[in-house]
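With UniProt numbering applied, the sequence shown closes on residue 292, and no number is skipped along the way. Using N, Cα and C, we set each Cβ at its ideal position, and we do this for glycine too.
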Amino acid sequence: MDASELISKVRKIEIKAKGLSQNVFAGEYHSAFKGRGMTFSEVREYQYGDDVRDIDWNVTARSNRPYVKVYEEERELTVMLLVDVSGSQDFGAVGDSKREMMTQVAATLAFSAIENNDKVGVIFFSDKIEKFIPPKKGRKHILLVLRELLDFTPESKGTDLNRALEFLTSALKRRCTAFLISDFIDEHDYYKALSIANSKHDVIAIQVYDKREATMPNVGLMRVADAENGAERWVDTGSKHVRQAFDRWWYKRQLNMSDTLRRSRVDLASIATDEDYVKALMGMFKRRVVTH
1 MDASELISKV RKIEIKAKGL SQNVFAGEYH SAFKGRGMTF SEVREYQYGD
51 DVRDIDWNVT ARSNRPYVKV YEEERELTVM LLVDVSGSQD FGAVGDSKRE
101 MMTQVAATLA FSAIENNDKV GVIFFSDKIE KFIPPKKGRK HILLVLRELL
151 DFTPESKGTD LNRALEFLTS ALKRRCTAFL ISDFIDEHDY YKALSIANSK
201 HDVIAIQVYD KREATMPNVG LMRVADAENG AERWVDTGSK HVRQAFDRWW
251 YKRQLNMSDT LRRSRVDLAS IATDEDYVKA LMGMFKRRVV TH
């Protein structure tokens, strides 16, 4: 897109996202994420009532008296947006394209973060790390992030969630809140990388999908193409067996994703491209307040 069109889109998304972050998400974001991180402060002698899980066994062994670790709440967060820019994100049959929806979601989360004086960074990924924007504060930085979200062109079309998660684990030394924004169409097993990343950071999964990916319409013979590898084939959508097989594929994929996230203890918000993402995010924020 040309410069004037890009500026116009940036401005429109900024107005909407900033309004939501100030008026709708402010309390929920703060409650769901603020102060979750704890950083080590000091050690002191054990006192009656202290949690035995906080005992520093090394110091205790050296001093022959029990000592516990003391933590203090982190007053600001680092928020990382892990944004899937693979070829499948350009698909859009019902409502916005997945890429457009992901941009709106990411922008709203970014503005919510800076409203709380948090740092925001971005990892664009496909089947490789496409671009890393280190976390910073401020409106100028967020507008840079938003321009990249709207106008970034990846070098690769494939998907590998492992690459993004491993990069997050190695690149961010201090604990952060990481939103993994993807359609989760990935043939790799990413359980191990996700578990490791979530043990070090606080990872939240946001799935963006198109309802045409969940149910095949009955429109007769149709040529379909894989947006990531370019493979094409003709599919008889008029066949009940073909449509049922597609439904089973979608159900199994969703089940595998949900099971992987559950075992990794990662929260999920699932958003269709024709739905109000505000409702899904609010629901996820409120669940975190109750369960965390």
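Rounded to whole angstroms, what's the CA-CA distance from Ile204 to Asp54? Just pull it up for me.
-> 26 Å
Would you please state the rounded distance, in angstroms, between the beta carbons of Ile181 and Leu82? I believe it to be under 8 Å.
-> 6 Å
Close Cβ partners of Ile142 (< 7 Å) along its chain, the five nearest in sequence each way excluded | Ala110, Phe111, Ile114, Val120
Leaving aside the five residues before and after Val70 along the sequence, list all residues of the same chain whose C-beta is less than 7 Å from its C-beta, in chain order.
-> Ser41, Glu42, Val43, Arg44
Does the segment 167 to 185 touch the segment 237 to 252, meaning 3 or more C-beta pairs lie closer than 8 Å?
-> no
Let me know the secondary structure DSSP gives Glu42 once reduced to three states.
-> strand
Within-8 Å CB hit, Leu281 to chain B = Structure shown: chain B not included; a single protein chain is present.
Does the beta-carbon of Leu149 have 16 or more other beta-carbons within 10 angstroms, so that it is buried, or is it exposed?
-> buried
Would you tell me roughly how many angstroms separate the C-alpha atoms of Phe285 and Ala164, rounded to the nearest one?
-> 23 Å
Should Pro217 go down as buried or exposed, given a rule of 16 or more other Cβ atoms within 10 Å for buried?
-> exposed
Give every residue of the same chain whose Cβ lies closer than 8 Å to the Cβ of Leu221, excluding the five residues on either side of it in the sequence, and list them in chain order.
-> Trp234, Val235, Asp236, Thr237, Gly238
Would DSSP call Tyr190 helix, strand or coil?
-> coil
Residues of its chain near Ser126, where Cβ-Cβ distance is below 6 Å and the 5 sequence neighbours each way are ignored = Val85, Ser86, Pro154, Ser156, Gly158
Between the Cα of Ser264 and those of Lys211, Phe246, Ser199, spot the shortest distance and give me the residue it belongs to.
-> Ser199
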